[in-house]
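Novice:
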Amino acid sequence: MTPAQRCMCRTVLGHMHRFYADPENVRRLEEWKRGRQQAGKLSGAPAAESRQGRHDANLTASASSTCSSSS
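So the number in my numbering is just where the residue sits in the sequence shown, counting from 1, plus 384.
1) DSSP on Ser453, reduced to helix/strand/coil?
2) Give the C-beta separation of Val396 and Tyr404 to the nearest angstrom, bearing in mind that I take them to be a contact with Cβ-Cβ under 8 Å.
3) I'd like the span of the alpha helix (DSSP H) that includes Thr386, first residue to last.
4) Ala441: beta carbon under 7 Å from a heavy atom of the ligand COA?
5) Which of helix, strand or coil does DSSP assign to Asp406?
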């Protein structure tokens, strides 16, 4: 990891600690997550793919794309 990446990670981690230290933030986050979960159940929409599934699909798509153009 580069020094800039380490700095960014420390900064983000600090913000996360401050966010989760406030019980009101945690309560509102849990409420938001419950609402999102209920909305998904009620909408009849298919469940979201796993993060790994999306990652694999992106790799497959990028491997099959071509950068050269044929004239």
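No residue lacks a Cβ here, since even glycine has one placed at the ideal position from N, Cα and C.
Keep in mind that this is a model prediction, so the values were computed, not measured.
Specialist: Put simply:
1) Summary for Ser453: the model assigns pLDDT 46, below 50, so the residue's position carries little reliability; its value from the coordinates is reported in the next sentence. Under the three-state reduction of DSSP, Ser453 is assigned to coil, being neither helix nor strand.
2) Not a contact, Cβ separation roughly 13 Å.
3) For Thr386, there is no enclosing alpha helix (DSSP H), as DSSP marks it with neither H nor E.
4) Summarising the ligand content, the structure contains no ligands, and the ligand COA is consequently not present.
5) In the three-state DSSP reduction, Asp406 falls in the coil class, being neither helix nor strand.
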